[in-house]
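Residues in the sequence shown are numbered from 63 upward in steps of one, following the working numbering.
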Amino acid sequence: MNITIPSETNSFEKAVWILSDKATYIVILITNVIILGFISTLSVISNLANMYIFIEMGLNDSMMVPLFSLSLADFSVTALELGIVSMDVIDRLCPLTSIDFKALSRVHFGWAVNATYLMSCCITVVISLERCFSVTYPFHVKQFFTIRQSSVVTLVVYVVHIVMFVPGFVIDKMEWVYTGPQVYNSSFSSASNRWIYTIVYSQATVQVETALRLGCSMCLFSAFQAVLFICSIWMTVALMSSSRIRNKRELT
């Protein structure tokens, strides 16, 4: 039995717009280069301004130290992202070069971005905890959070996250690879019988990267977000409780 497909279905299928390779290339160019580059540049400038302001105010308070450290971590993240964008631009402008600049940025900047981003998240957690104690234990917060303790905690956060991602820097290796007659990078140009300096994957590389991305990046990020969520609830409950107490006192 023959089945006739309604003309509406055919017209609908014809109306579906599928991005071509060139359109996809343009979309990626706009998002990864123009938008990300613009945002990274603004973030670098704003975090430099924040650090300058904190230094001028003086790092003489337990809250100022983590705030300055947070600006430094955010500056590092955005500066590294700007480096990745720059490598992407070079890769697109020089498609016939023998160096894979995208792989080069991934090896030298990729893991550093992960480390500094998690530093920023962890320092945000430290600041949130101090805010919580300021609301819940206002008369004891200065005993829990001193300048020395904040400095030590911040230093530990930086060292731990750097050491954590050292295996990623060590395991990722770049070598000269013979590509043969094929297109290697994402640019629209042909390459034939040449050597390219690019990243080389092995079984150990895949295992280490999987462990770092799942065990460190995802798990730590989820844990930090959970702590921030708990801190938000904790402060909300404490503020509501103190508000009820004040209202009762006013009524009496």
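A virtual CB, placed ideally from N, CA and C, is assigned to each residue, including glycine.
Straight across, the Cα-Cα distance linking residue 110 with residue 219 is about 21 Å. Cβ contact annotation for residue 156 (same chain, cutoff 8 Å, sequence separation greater than five): 163, in chain order. Of the residues 179, 91 and 289, the one whose Cα lies closest to the Cα of residue 133 is 179.
With a cutoff of 8 Å on beta-carbon distance, residue 289 and residue 187 are scored as near each other.
Taking the CA atoms as reference points, residue 258 sits about 25 Å from residue 269. Collapsing the DSSP output to three states places residue 114 in a helix. Between residue 182 and the set 304, 144, 137 and 151, the nearest pair of CA atoms involves 137.
A Cβ-Cβ distance of about 6 Å is found for the pair residue 144 and residue 103, placing them in contact under the 8 Å criterion.
Going by C-alpha positions, residue 95 is about 7 Å away from residue 150. In this structure, the CA atom of residue 125 is about 45 Å from the CA atom of residue 86.
Distances from the CA of residue 171 to each of 119, 123, 228 and 205 were compared; the closest alpha carbon is that of 228. Residue 261: member of the beta strand (DSSP E) spanning 257-262, first to last residue.
When beta bridges are read from the DSSP output, residue 237 appears opposite 260.
Taking a 10 Å sphere around the C-beta of residue 173, we find 16 or more other C-beta atoms and assign the residue as buried. Residue 209 is positioned such that its CB atom lies no closer than 8 Å to that of residue 236. In this structure, residue 89 lies away from residue 140, with their beta-carbon atoms at least 8 Å apart. Judged by DSSP secondary structure, residue 120 falls outside any alpha helix (DSSP H); it is assigned neither H nor E.
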